[in-house]
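Asks: Structure below; questions to follow.
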Amino acid sequence: MEIDYKELGERIAKRRKVLNLTQDDVAEATGLSNNHISNIENHHSIPSIETLVKICNALDITPDYFLLGVVRETNDSLHSQISQKIKLCDKKKLELIDHFITWLVDENL
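Numbered by our numbering, the letters in the sequence shown go through residues 29 to 137 in order.
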């Protein structure tokens, strides 16, 4: 499997925006320059593992989301409750849930 750095940068930008953070905020939290954050988001730079970990910590998410587009399962009780309810859904309801979650993540609420 090959890492899609364009997708990686887009996921970082999307997560940053969901958290209502600026590139300056992420730069300050990571000790990196604003320019470096911008270059990663716009896939002009490939982040090192150390840089990616810093960004993950600043954006409170695991690297698997940025690298693969999936979030690792946690032991959080709310996540567990939602997961259990999703397991009870048929295909039609799962598709609706997927559309709703995609809409919700894309919105700046």
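Backbone N, C-alpha and C fix where the C-beta goes; we use that ideal spot for every residue, glycine too.
Verify whether the separation of the beta carbon atoms of leucine 124 and isoleucine 114 is less than 9 Å.
Replies: For leucine 124 and isoleucine 114, no; Cβs fall outside 9 Å.
Asks: Give every residue of the same chain whose Cβ lies closer than 8 Å to the Cβ of glutamate 35, excluding the five residues on either side of it in the sequence, and list them in chain order.
Replies: Result list for glutamate 35: Gly97, in chain order.
Asks: Along the alpha helix (DSSP H) that carries glycine 59, what are the first and last residues, could you check?
Replies: First-last for glycine 59: undefined, no H or E at that position.
Asks: Rounded to the nearest angstrom, how far is the Cβ of glutamate 78 from that of alanine 41, given a contact under 8 Å?
Replies: With a Cβ gap of about 20 Å, glutamate 78 and alanine 41 do not count as contacting.
Asks: Would you kindly work out how many angstroms separate the C-alpha atoms of glutamine 109 and valine 54, rounded to a whole number?
Replies: Between glutamine 109 and valine 54, the C-alpha separation is close to 31 Å.
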